[in-house]
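Comments concern the structure below.
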Amino acid sequence: MEIKTAEFVISNSEVSKCPNTNLPEYAFIGRSNVGKSSLINMLTGRKKLAKTSGKPGKTQLINHFLINKNWHLVDLPGYGYARVSKSTKKTFQKFITQYFEKRKQLVSAFVLVDIRHKPQPIDLEFMQWLGENMIPFSIIFTKADKLRPKAIENHINDYRTIMLEYWEEMPNYFITSSTKDMGKDELLNYIGDINKS
Ligand code: GTP
Ligand code: MG
């Protein structure tokens, strides 16, 4: 699928105020600074569509982008960014969980994880939570430009080993780099195929 048009629609903190349409929707979620907003810019070919930053915690609201006038991409705030007390650190920001629980238009989530790091409990717990709530998701490994192919393979194998302790199979996954446009066609074709079916 080719993205011909990409427009910012609305930012808000309340799920009830998200666009009231029946358009299919795909949401990007993951730890702060993992590269959610950068990936949206890479996919849409618009460098400044979603706001990015070297500092974690840049995206604070639910942001809807209308793609090709017939589906939405959603940029969400990161989880796990500790401007909260230790006791609440593990709980995901309330409106993130509300978004996933309430948003009927959501077709699939993409959980972004930084390919450079070993599997982190917060990401594994979030995927577990999605599974318990029957929310379909794929994993997106980000920042693949930072590792050599062999290291990428090793890190994905670490993930597979851990995921298979909880899941019957390794979830669908993509390897991406927003600086190198890596994974763009695979992701867009994946979304395009679901939208067609
Ligand atoms: P929050 O909105 O704070 O949750 O972060 P985010 O997940 O939206 O991350 P963002 O896209 O703002 O990127 C965070 C930092 O990582 C920025 O400095 C980006 O330039 C950098 N970054 C994102 N994707 C990539 C990538 O594929 N490769 C490299 N090398 N850097 C990346
Ligand atoms: Mg962001």
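Heads up, the sequence shown is in numbering that gives the first Met the number 0, so the first residue is 0 and it goes up one at a time.
We put the CB at the ideal spot given by N, CA and C, even for glycine.
Can you tell me whether residue i is helix, strand or coil according to DSSP?
i	result
I193	helix
I174	strand
N200	Missing from the structure shown is residue 200; the chain here goes from 0 to 196 and no further.
E6	strand
S31	coil
L146	coil
Q127	helix
S84	Its pLDDT being 48, under 50, S84 is placed unreliably by the model, and nothing is read from it.
M181	strand
I134	coil
T90	In this predicted model, T90 has a pLDDT of only 47, less than 50, meaning its place in the structure is not dependable enough to derive any value.
K16	helix
T96	helix
Given 8 Å as the limit, tell me if residue i has its C-beta closer than that to any heavy atom belonging to ligand 2.
i	result
G77	yes
T49	The amino acid occupying residue 49 in the given sequence is Ala; Thr does not appear at that position. Flag set: Cβ of A49 near ligand 2.
K54	no
S196	no
K3	no
D113	no
T141	no
T160	no
K46	no
T43	no
Just confirm the distance between the C-beta atoms of residue i and residue j, as a whole number of angstroms; I'd bet it's less than 8 Å.
i	j	result
I174	I151	6 Å
G29	P55	Wrong, their Cβ atoms sit about 11 Å apart, outside the cutoff.
P23	Q104	6 Å
V112	I138	6 Å
R115	K145	6 Å
F140	M126	No, F140 and M126 are not in contact; Cβ-Cβ is about 13 Å, not under 8 Å.
F94	V14	7 Å
Determine which residues share a DSSP beta bridge with residue i and list them.
i	result
E24	H71 and L105
H116	Answer is none; H116 lacks a bridge partner.
I61	N11
L111	G29 and I139
Y78	R30
I66	A5 and W70
With hydrogens ignored, establish whether the beta-carbon of residue i is closer than 8 Å to any heavy atom of ligand 1.
i	result
R240	Residue 240 lies beyond the residue range present for the chain, which begins at 0 and ends at 196; the question has no answer from this structure.
D74	yes
T175	yes
S36	yes
V33	yes
T96	no
Tell me whether residue i, by its Cβ, gets closer than 8 Å to a heavy atom of ligand 3.
i	result
T178	Judged by which ligands are present, ligand 3 is missing from the structure shown, whose ligands are ligand 1 and ligand 2.
Cβ contact (3+ pairs, closer than 8 Å) linking the segment 139-153 and the segment 121-130: no
Meets three-Cβ-pair contact criterion under 8 Å: the segment 41-52 and the segment 100-116: no
Three CB pairs or more closer than 8 Å across the segment 165-181 and the segment 55-68: no
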